[in-house]
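See below for the structure under consideration.
Numbering (my numbering), first residue to last: 3 to 77.
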């Protein structure tokens with residue numbers, strides 16, 4: 003899907019030299035579906051990388067939901 007924010011995140015990740023380990027768009031949609039189906043209110047993501055999958059999941063959370071991401075290498 004055309005999404006300016008997600009496209010910009012992927013471009014920023016590429017410019018930053020991050021490894022291309024991002025999930026595909028259809029995998030991001032599946033993550034978001036899982037969040038909605040399970041009515042998740044809290045998510046812990048280990049391994050943030052460039053936050054592409056984080057955005058998919060965060061968007062699926064309810065307004066009072068919380069996403070915590072952890073990255074061992076902050077650069």
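Just so you know, even glycine gets a beta-carbon here, dropped at the ideal spot from N, CA and C.
Contact with chain D by residue 71, beta-carbon distance below 9 Å
Included in the structure is just one protein chain, with no chain D present.
Length of the line joining the Cα atoms of residue 46 and residue 61
If you number the chain shown from 1, residue 46 lands on position 44. If you number the chain shown from 1, residue 61 lands on position 59. The alpha-carbon of residue 46 is positioned some 14 Å away from that of residue 61.
Within 10 angstroms of its Cβ, does residue 72 collect 16 or more other Cβ (buried), or is it exposed?
If you number the chain shown from 1, residue 72 lands on position 70. Sixteen is the threshold: since fewer than 16 other Cβ atoms of the shown chains lie within 10 Å of the Cβ of residue 72, the residue is exposed.
Mind pulling the alpha helix (DSSP H) runs of 4 or more residues that sit fully within the segment 6-50?
DSSP runs (the alpha helix (DSSP H)) wholly in the segment 6-50: 6-17 and 27-39.
Nearest by alpha-carbon distance to residue 40: which of 63, 24, 16 and 53 is it?
For the purposes of this step, residue 40 is taken as the residue at position 38 of the chain shown. Across the set 63, 24, 16 and 53, the C-alpha of 63 shows the shortest separation from the C-alpha of residue 40.
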